[in-house]
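Engineer: Residue numbers (this note's numbering): 1 to 175. Glycine is no exception: its CB is placed at the ideal position from the N, C-alpha and C atoms. Just dropping this structure here.
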Amino acid sequence: ELLNALVAHNIIEHQWKCFVAKPEEPNKRTLQGVVGKVVGRIFHDPKIPFDFDAFDEGVPKVADKLLMMNLYQELSWENLQADIRAAASEGCKAIFIDPITVLTNGVPSADANTLLQKFAQGLSQMAMNLGLIVHIFCHLKSPDAGPPHERGGEVQSYQFAGSRAMMRACNAMIG
1 ELLNALVAHN IIEHQWKCFV AKPEEPNKRT LQGVVGKVVG RIFHDPKIPF DFDAFDEGVP
61 KVADKLLMMN LYQELSWENL QADIRAAASE GCKAIFIDPI TVLTNGVPSA DANTLLQKFA
121 QGLSQMAMNL GLIVHIFCHL KSPDAGPPHE RGGEVQSYQF AGSRAMMRAC NAMIG
């Protein structure tokens, strides 16, 4: 929901093109979420009647500013780099990747942090060189002690998946 709100805000308030890579979500659901934020409706919940008029009103507001890739459960750093460069060449100013942990699917734990370090450093360089704002999202590891995050447990930077890489390359981490 936060990602959809940020994308909608950048499109409506700043008139920016946004590139969204959500490999754990079909593009149809991403479109519903972003358009829903633009028009103040919920389009993805089957328990809520679908408001076709509101959807038809919202789609044109984002259609030429929302770029998505059909990535369902497929994400590699090599392909993502090319997709980000292509999005930047199309005028995208904001990039959203959720979650980065898909990059490490099938990668041994010993190699995952190295991959995420390469990713975070490369992404940081691309953002600077291409004049982009990049938002990356990841899963949180469970706290070692105390209540879980869902029940008010404090979030520590080391609990972000790929945290070592992100602590060096990201300007801010919010959990």
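Would you list the one or two residues that DSSP bridges to ALA94?
Structural biologist: CYS18, ILE133
Engineer: Does PHE50 come out as helix, strand or coil in the three-state DSSP assignment?
Structural biologist: coil
Engineer: What are the residues that DSSP puts in a beta bridge with LEU115?
Structural biologist: Answer by DSSP bridge pairing: none, since LEU115 is not bridged.
Engineer: Per the contact definition of three or more C-beta pairs closer than 8 Å, is the stretch 91 to 107 in contact with the stretch 9 to 25?
Structural biologist: yes
Engineer: Is DSSP giving MET128 helix, strand or coil here?
Structural biologist: helix
Engineer: Going by DSSP, which residues form a beta bridge with PHE43?
Structural biologist: The partner list for PHE43 (beta bridge, DSSP) is empty, contrary to what the question assumes.
Engineer: Name the two residues that bound the continuous beta strand (DSSP E) containing LEU66.
Structural biologist: The continuous beta strand (DSSP E) containing LEU66 extends over residues 66 to 68.
Engineer: Could you check the C-alpha separation between VAL189 and ALA86 for me, to the nearest Å?
Structural biologist: Any property of residue 189 remains undetermined from this structure, which presents the chain solely from 1 to 175.
Engineer: With C-beta atoms as the reference, is LYS28 less than 8 Å away from LYS65?
Structural biologist: no
Engineer: If I measure Cβ to Cβ from LYS37 and keep anything under 6 Å in the same chain, skipping five residues before and after, which residues do I get?
Structural biologist: Once the five neighbours on either side are set aside, the close Cβ partners of LYS37 are ASN4, ALA5, ALA8.
Engineer: Could you pull the start and end residues of the alpha helix (DSSP H) that GLU78 belongs to?
Structural biologist: 77 to 89
Engineer: Does DSSP put LEU191 in a helix, a strand or coil?
Structural biologist: Residue 191 falls outside the range modelled here, since the chain spans only 1 to 175, and no answer is possible.
Engineer: Report yes if the CB atom of LEU140 is closer than 8 Å to the CB atom of PHE119, and no otherwise.
Structural biologist: no
Engineer: Measure the C-alpha to C-alpha separation of PHE50 and PRO60 and round it to an integer number of angstroms.
Structural biologist: Spanning the alpha carbons of PHE50 and PRO60 requires a straight line of approximately 17 Å.
Engineer: Around the Cβ of MET69, are there at least 16 other Cβ atoms within 10 angstroms (buried) or fewer (exposed)?
Structural biologist: Its Cβ being crowded by 16 or more others within 10 Å, MET69 is buried.
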